[in-house]
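Heads up: the structure comes next, in structure tokens.
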Amino acid sequence: MRATELHPRQAVVAPSTSRDPAPRNVGILSATTAMIVVALYTWYPVLPVVLQRRGADRFEVSAIYTLMGFASSALQIYGGRLADRHGRKPVLAVPTFVAAALYGVAFLSTSWPVLAAALVILNLTSAIQSPSFVAITAESVRAERRAQAFSTFQFASSFATLLGPALGAALLPSVDVKWLIALTAIASLGAACLRLLALREVHVGEVPRQRMPIKEAFSGRMRHLTLASTAFLLVASLTVNGPFIALYAHNSGGLPTAQVNLLYAVAWLPAVMLSFWLGRRISALGSSRALAVGVAGHLAVLGVWLALRGFVPMALPLMASFLFYQLAVIAFGTLRIETVAPEKAGAALGVIGTVSGLAAALGPVVAGAVAGVLGPLAAFGLAGVAGVWTILSLRNLRRA
């Protein structure tokens, strides 16, 4: 289909009006995501330890996280095109049904390769959904309320990330991990049904459906957004979303598995409580500056955390670090939707997500290999380099 032709299912960013076009979408997405994340995070923070106990060594664990990172990005470009062609709702609902089945496979697995394979494929389904999450959240509210919409979503997911590890810490001493994986499969099935039945597709007018070639991600202002996205996702893959905080707390910090889970729960508490306040700060600072502040604060406090030992001394700075990270994540969602052209939002988000995500996915395996030579601090040193890269790219984006 040529760019000049109209597509009847095209969903575009809603213009500013007196009313939000579909505010309930934000609540539904937030609630269904929280359902899945609560169940998932009863066991996901200790996944590196689970893989080690099933026979995977340190490098293999890092390689698995790299494969999951590749998978979570590889199909974003395809997911963005599907979202622009068929609408956001089916692209959000159908892969969630597939995810429920894959968690069932993970429940039945007895070896680390099968578990790892199921998780990698799960991340492929997540990649297909990713552009639609950002697009429908922005499209469902007025332009001036986008930061608050993203902060609502982050509040729900962060609260789930707090509650899940707390439940896991209580359950893991007496419940096998596989039953927590089964709980995740059930939660995913329920979330899929709710998304299919309750989400509303937002159609505001009709505009030409446009594709975005990959080369556009490296030209003009988009180049700086792609570089900033790559660097920030690399920071995330080496810290909060990677295995290294959990492994460091367990192997170097001496915390048992249950306490590692509880550490994550406590660390997310301020981020959850202050999510809406962070959304207002982003509106005041601007998304680009807020992202830079979040990255700098997250990594600076994490550097202090590395020098501490014991549950309480390690928990306190990690709370501050995760608070800054929450600021960065909310700002990141707002920045992307503000920068891309509304008539090809899904395609643009998909291209940038694929390019930046695939590059950032190399972080864990590189850090795992370097850690074998330089020790467990190597991953955090690489995260610091990625943080500087993020801030410089954001400065260039503001100037472009």
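Residue numbering for the sequence shown follows my numbering, starting at 932 and increasing by one per position.
We treat Cβ as the ideally placed atom computed from N, Cα and C, and that holds for glycine.
Nearest-angstrom beta carbon gap, residue j and residue i [assumed within contact, 8 Å]
i: residue 1080; j: residue 1043; result: Contact flag wrong, Cβ pair sits at about 39 Å.
i: residue 1246; j: residue 1197; result: 5 Å
i: residue 969; j: residue 1191; result: Going by Cβ atoms, the distance from residue 969 to residue 1191 rounds to 18 Å, so no, they are not a contact pair.
i: residue 1255; j: residue 1228; result: 3 Å
i: residue 1114; j: residue 1270; result: The pair is not a contact, with the Cβ atoms about 38 Å apart (cut-off 8 Å).
i: residue 1173; j: residue 996; result: 6 Å
i: residue 1311; j: residue 1175; result: 7 Å
i: residue 1168; j: residue 1000; result: 5 Å
i: residue 1298; j: residue 1313; result: 5 Å
i: residue 1036; j: residue 1047; result: Going by Cβ atoms, the distance from residue 1036 to residue 1047 rounds to 11 Å, so no, they are not a contact pair.
i: residue 1065; j: residue 1268; result: 6 Å
Same chain, Cβ closer than 7 Å to residue i, neighbours up to 5 away in sequence not counted
i: residue 1325; result: 1159, 1219, 1222 and 1223
i: residue 1008; result: 1281, 1282 and 1285
i: residue 1087; result: 961, 962, 964 and 965
i: residue 1199; result: 1089, 1092, 1093 and 1253
i: residue 1085; result: 1206, 1257, 1260 and 1261
i: residue 1010; result: 1022, 1058, 1059, 1060, 1061, 1062, 1063 and 1281
i: residue 1214; result: 1078
i: residue 1162; result: 1317, 1320, 1321 and 1324
i: residue 1225; result: 1255, 1256, 1258, 1259 and 1262
i: residue 947; result: Interpretation of residue 947 is limited by its pLDDT of 43, a score under 50 that renders its predicted location unreliable; the figure taken from the coordinates is listed afterwards. Once the five neighbours on either side are set aside, the close Cβ partners of residue 947 are 1073, 1074 and 1075.
i: residue 1040; result: 1046 and 1049
i: residue 1189; result: 1100, 1103 and 1104
i: residue 1014; result: 1022, 1062, 1063, 1066 and 1277
i: residue 990; result: 1299, 1300 and 1303
i: residue 1235; result: 1248
i: residue 1233; result: 1170, 1252 and 1311
i: residue 1165; result: 1291, 1294 and 1317
i: residue 1034; result: 1112, 1115, 1116 and 1119
i: residue 1108; result: 974 and 981
i: residue 1082; result: 1206, 1207, 1209, 1210 and 1261
i: residue 1203; result: 1086, 1089, 1090 and 1093
Beta-carbon proximity list for residue i, same chain, < 8 Å, skipping 5 on both sides
i: residue 940; result: Residue placement at residue 940 is flagged as unreliable, the pLDDT there being 28, under the threshold of 50; the coordinate-derived value follows with that caveat. Around residue 940: 1016, 1017, 1018, 1132 and 1134.
i: residue 992; result: 979, 982, 983, 1174, 1178 and 1299
i: residue 1240; result: 1184 and 1185
i: residue 1237; result: 1179, 1308 and 1311
i: residue 1242; result: 1186, 1190, 1193 and 1194
i: residue 912; result: A query on residue 912 cannot be resolved here, the shown segment of the chain reaching from 932 to 1331 and no further.
Same chain, Cβ closer than 6 Å to residue i, five either side skipped, listed in chain order
i: residue 1118; result: 966, 967 and 970
i: residue 1338; result: No statement about residue 1338 is possible, as the shown extent of the chain runs from 932 to 1331 and does not include it.
i: residue 1120; result: 1031
i: residue 1096; result: 972, 976, 1192, 1195 and 1196
i: residue 1111; result: 973 and 974
i: residue 1122; result: 963, 966, 967 and 1027
i: residue 1330; result: none
i: residue 1315; result: 1230
i: residue 1201; result: 1250 and 1254
i: residue 1020; result: 1130 and 1132
i: residue 994; result: 1296
i: residue 1051; result: 998, 999 and 1002
Distance cut-off 7 Å: residue i Cβ against heavy atoms of the ligand FAD
i: residue 1039; result: Absent from the structure shown: the ligand FAD. Ligands present: none.
contact_flag[the segment 1115-1133, the segment 1286-1299] where n(CB pairs < 8 Å) is 3 or more: Counting C-beta pairs with one atom in each stretch, the segment 1115-1133 and the segment 1286-1299 have fewer than three that are closer than 8 Å, which means they do not touch.
Start-end ranges of the alpha helix (DSSP H) lying completely within the segment 1062-1117, minimum 4 residues: Qualifying alpha helix (DSSP H) stretches, in chain order: 1077-1102.
Inter-stretch contact (C-beta, 8 Å, three-pair minimum) for the segment 1021-1029 and the segment 1055-1062: yes
Touch test, the segment 1174-1184 against the segment 1258-1265, Cβ-Cβ under 8 Å, three pairs minimum: no
Stretch pair the segment 997-1005 + the segment 1047-1055: three plus CB contacts closer than 8 Å: yes
Segments of 4+ residues assigned as alpha helix (DSSP H) that fall wholly inside the segment 978-1036: You should have 978-984, 989-1005 and 1007-1017.
Residue ranges of each alpha helix (DSSP H) within the segment 1212-1290, 4 or longer: 1218-1236 and 1242-1270
Whole alpha helix (DSSP H) elements within the segment 1293-1330, 4-residue minimum: 1293-1305 and 1309-1330
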